[in-house]
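The structure under discussion appears below in the form of C-alpha coordinates.
Numbering (the numbering used here), first residue to last: 33 to 128.
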(Lines of atoms letter the chains of each structure in order from A and count residues from 1; the text may use other names and numbers.)
(Lines give C-alpha, C1' and ligand atoms only; values in the text may rest on other atoms or scores of the structure.)
Protein backbone atom coordinates (compact mmCIF):
# COMPACT_ATOMS: atom_id res chain seq x y z
CA UNK A 1 0.00 0.00 0.00
CA UNK A 2 2.84 2.40 0.81
CA UNK A 3 4.53 1.86 -2.55
CA UNK A 4 1.23 2.29 -4.36
CA UNK A 5 0.59 5.57 -2.53
CA UNK A 6 4.10 6.84 -3.25
CA UNK A 7 3.89 6.00 -6.96
CA UNK A 8 0.47 7.65 -7.24
CA UNK A 9 1.85 10.85 -5.66
CA UNK A 10 4.81 10.97 -8.05
CA UNK A 11 2.54 10.42 -11.06
CA UNK A 12 0.20 13.21 -9.93
CA UNK A 13 3.11 15.62 -9.52
CA UNK A 14 4.44 14.80 -13.00
CA UNK A 15 1.03 15.23 -14.62
CA UNK A 16 0.47 18.54 -12.83
CA UNK A 17 -2.65 17.35 -11.03
CA UNK A 18 -3.69 18.88 -7.73
CA UNK A 19 -2.56 17.17 -4.56
CA UNK A 20 -5.36 16.96 -2.01
CA UNK A 21 -4.52 17.36 1.66
CA UNK A 22 -7.38 15.15 2.88
CA UNK A 23 -6.29 12.36 0.55
CA UNK A 24 -2.75 12.62 1.83
CA UNK A 25 -3.90 12.56 5.47
CA UNK A 26 -6.16 9.53 4.92
CA UNK A 27 -3.50 7.48 3.17
CA UNK A 28 -0.60 8.47 5.44
CA UNK A 29 -2.77 7.63 8.46
CA UNK A 30 -3.52 4.24 6.91
CA UNK A 31 0.19 3.59 6.53
CA UNK A 32 1.17 4.72 10.03
CA UNK A 33 -1.42 2.91 12.16
CA UNK A 34 -0.09 -0.66 11.87
CA UNK A 35 3.43 0.57 12.48
CA UNK A 36 2.37 2.27 15.71
CA UNK A 37 -0.09 -0.22 17.19
CA UNK A 38 0.98 -3.77 16.35
CA UNK A 39 4.30 -3.66 18.26
CA UNK A 40 2.31 -2.67 21.36
CA UNK A 41 0.46 -5.99 21.33
CA UNK A 42 3.67 -7.75 22.35
CA UNK A 43 4.08 -5.34 25.27
CA UNK A 44 0.57 -6.12 26.47
CA UNK A 45 1.17 -9.86 26.21
CA UNK A 46 4.00 -9.55 28.73
CA UNK A 47 1.49 -8.35 31.33
CA UNK A 48 -0.23 -11.75 31.25
CA UNK A 49 2.92 -13.29 32.72
CA UNK A 50 2.77 -11.12 35.87
CA UNK A 51 2.28 -12.75 39.27
CA UNK A 52 -0.64 -10.58 40.34
CA UNK A 53 -2.89 -11.06 37.38
CA UNK A 54 -6.69 -11.14 37.63
CA UNK A 55 -9.54 -12.04 35.32
CA UNK A 56 -10.59 -8.37 35.23
CA UNK A 57 -7.16 -7.41 33.91
CA UNK A 58 -7.38 -10.18 31.32
CA UNK A 59 -10.76 -8.90 30.19
CA UNK A 60 -9.58 -5.27 30.01
CA UNK A 61 -6.43 -6.12 28.05
CA UNK A 62 -8.38 -8.35 25.69
CA UNK A 63 -10.93 -5.60 25.13
CA UNK A 64 -8.15 -3.09 24.49
CA UNK A 65 -6.52 -5.42 21.96
CA UNK A 66 -9.80 -6.03 20.13
CA UNK A 67 -10.56 -2.29 19.99
CA UNK A 68 -7.05 -1.58 18.72
CA UNK A 69 -7.35 -4.19 15.97
CA UNK A 70 -10.76 -2.81 14.94
CA UNK A 71 -9.34 0.73 14.86
CA UNK A 72 -6.38 -0.34 12.74
CA UNK A 73 -8.66 -2.25 10.36
CA UNK A 74 -10.97 0.74 9.91
CA UNK A 75 -8.10 3.18 9.39
CA UNK A 76 -6.17 0.92 7.00
CA UNK A 77 -8.96 -0.74 4.98
CA UNK A 78 -12.36 0.92 5.32
CA UNK A 79 -11.43 4.62 5.23
CA UNK A 80 -8.93 4.39 2.31
CA UNK A 81 -11.46 2.30 0.36
CA UNK A 82 -14.02 5.12 0.76
CA UNK A 83 -11.48 7.93 0.34
CA UNK A 84 -12.77 8.93 -3.11
CA UNK A 85 -16.31 9.31 -1.75
CA UNK A 86 -15.12 11.42 1.19
CA UNK A 87 -12.97 13.58 -1.08
CA UNK A 88 -15.87 14.22 -3.46
CA UNK A 89 -18.07 15.26 -0.53
CA UNK A 90 -15.42 17.53 0.98
CA UNK A 91 -14.02 18.99 -2.26
CA UNK A 92 -16.69 19.36 -4.98
CA UNK A 93 -13.97 20.37 -7.46
CA UNK A 94 -12.26 16.98 -6.90
CA UNK A 95 -14.48 15.49 -9.65
CA UNK A 96 -13.03 17.78 -12.29
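Glycine included, C-beta positions come from ideal geometry on N, C-alpha and C.
Rounded distance between the beta-carbons of residue j and residue i, thought under 8 Å
{"i": "residue 67", "j": "residue 112", "result": "The Cβ separation is near 15 Å, so there is no contact."}
{"i": "residue 69", "j": "residue 104", "result": "5 Å"}
Residue i versus residue j - alpha carbon distance
{"i": "residue 91", "j": "residue 71", "result": "20 Å"}
{"i": "residue 87", "j": "residue 101", "result": "21 Å"}
{"i": "residue 123", "j": "residue 93", "result": "40 Å"}
{"i": "residue 125", "j": "residue 119", "result": "9 Å"}
{"i": "residue 95", "j": "residue 121", "result": "34 Å"}
{"i": "residue 110", "j": "residue 56", "result": "16 Å"}
Spatial neighbours of residue i in its chain, beta-carbon cut-off 7 Å, leaving aside the 5 residues before and after
{"i": "residue 114", "result": "none"}
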